[in-house]
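Protein chains in written order, with the numbering used here: chain A, -3 to 113; chain B, 895 to 1013. Glycine is no exception: its CB is placed at the ideal position from the N, C-alpha and C atoms.
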């Protein structure tokens, strides 16, 4: 019952360092998402993917890059970390949204807590 | 622009009592979906309940029900018989508008309500 797995769970970076967050799902979902959660702001979408080899920008994409080389994996990269990127990052996945009113629940990973000093 | 508003930053409820968490939404789309998620102190996001905009009956999932008032654009979560384990942050979310023939399934989240269940 792995579902959506995020690694690492915690990370501390210095300003300017780079890192990659890995998200893996074993539910054969087409769609995957990266969100960030900041106090008092709920979750905001960074990037998403509607299938292998595709990515698109969400609400707050600046400073991040993503890749979806394999259907089960969605990587979030920070090329030059900034203190403003201190946050909790969540990955989620869902079935495709072909049916407008289908449930298509997004299943979330446990999150990655990132601090940029 | 589509938006979710949760006006209650925090709430208290006595164990075994019912509690209503408010959620209002703004959209010009006719087809949309509304979700509630629970985030306990451990941090994971847990799906609770879903309501489609054309569903005629309010959704129910065990002790959770969604009081859907389409004309008022509200989708309040009702938790019956509160338990200590219900203490958590609760998020209301809306699936972003659908373009005919496909959907990105993107979610827009509210800022959450922190519920504390007291013994």
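**Residue of A:62, A:66, A:107 minimising C-alpha distance to residue 26 of chain A** = Along the first chain, read from residue 1 onward, the residue named residue 26 of chain A stands at position 30. The shortest C-alpha separation from residue 26 of chain A is found at A:66.
**Asked** How would you list, in chain order, the residues of chain A whose beta-carbon sits under 8 Å from the beta-carbon of residue 1000 of chain B?
**Response** In the second chain, the residue the question calls residue 1000 of chain B occupies position 106. Result: 29, 41, 44, 54.
**Asked** Measuring CB to CB, does residue -1 of chain A end up less than 8 Å from residue 33 of chain A?
**Response** As a working note, residue -1 of chain A is residue 3 in the first chain. As a working note, residue 33 of chain A is residue 37 in the first chain. Cβ atoms of residue -1 of chain A and residue 33 of chain A: not closer than 8 Å.
**Request:** Please classify residue 81 of chain A: does DSSP put it in a helix, a strand, or coil?
**Result:** Along the first chain, read from residue 1 onward, the residue named residue 81 of chain A stands at position 85. Three-state DSSP puts residue 81 of chain A in a helix.
**Message:** I need the boundaries of the beta strand (DSSP E) containing residue 945 of chain B, first residue and last residue.
**Reply:** Here residue 945 of chain B is taken as the residue at index 51 of the second chain, counted from 1. First-last of the beta strand (DSSP E) with residue 945 of chain B: 940 to 946.
**Item:** Beta-carbon proximity of residue 100 of chain A to residue 999 of chain B, cut-off 8 Å
**Value:** Taking the first chain and counting its residues from 1, the one referred to as residue 100 of chain A is at position 104. Taking the second chain and counting its residues from 1, the one referred to as residue 999 of chain B is at position 105. Contact flag set, yes.
**Item:** Nearest neighbour of residue 971 of chain B, chosen from B:985, B:939, B:979 [CA to CA]
**Value:** Counting from one through the second chain, the residue named residue 971 of chain B turns up at place 77. Of the listed residues, the one whose Cα sits closest to residue 971 of chain B is B:985.
**Request:** Starting from residue 1005 of chain B, find everything on chain A with Cβ-Cβ shorter than 9 Å and list it in chain order.
**Result:** Within the second chain, residue 1005 of chain B is the residue found at index 111, counting from 1. Here the neighbours are 36, 37, 38.
**Prompt:** residue 49 of chain A versus chain B: which residues are under 7 Å apart at the beta carbon?
**Reply:** Taking the first residue of the first chain as 1, we reach residue 49 of chain A at position 53. Under the 7 Å cutoff, chain B gives no residues; its nearest Cβ is about 16 Å from residue 49 of chain A.
**Message:** Does the CB of residue 905 of chain B have a neighbour CB from chain A at under 8 Å?
**Reply:** As a first step, residue 905 of chain B is located in the second chain; it is residue number 11 there, counting from the start. With 8 Å as the cut-off, residue 905 of chain B does not count as an interface residue toward chain A.
**Item:** beta strand (DSSP E) runs wholly inside the region 961 to 1001 of chain B, at least 3 long, in chain order
**Value:** 968 to 973, 982 to 989
**Message:** So residue 67 of chain A contacts chain B; which residues on that side make the cut at Cβ distance below 7 Å?
**Reply:** Numbered from 1 along the first chain, position 71 holds the residue referred to as residue 67 of chain A. Ordered by position in chain B, no residue passes the 7 Å Cβ test against residue 67 of chain A, which lies about 16 Å from the chain.
**Residues that residue 985 of chain B contacts on chain A, provided the C-beta gap is smaller than 8 Å** = Within the second chain, the letter at position 91 stands for residue 985 of chain B. The answer, in chain order, is 38, 39.
**Request:** With a 10 Å radius around its C-beta and 16 neighbouring C-beta atoms as the bar for buried, classify residue 23 of chain A as buried or exposed.
**Result:** Taking the first residue of the first chain as 1, we reach residue 23 of chain A at position 27. That one is exposed.
**Start-to-end residues for the beta strand (DSSP E) that takes in residue 43 of chain A** = Position 47 of the first chain, counted from the first residue, corresponds to residue 43 of chain A. Here the beta strand (DSSP E) through residue 43 of chain A covers 39 to 45.
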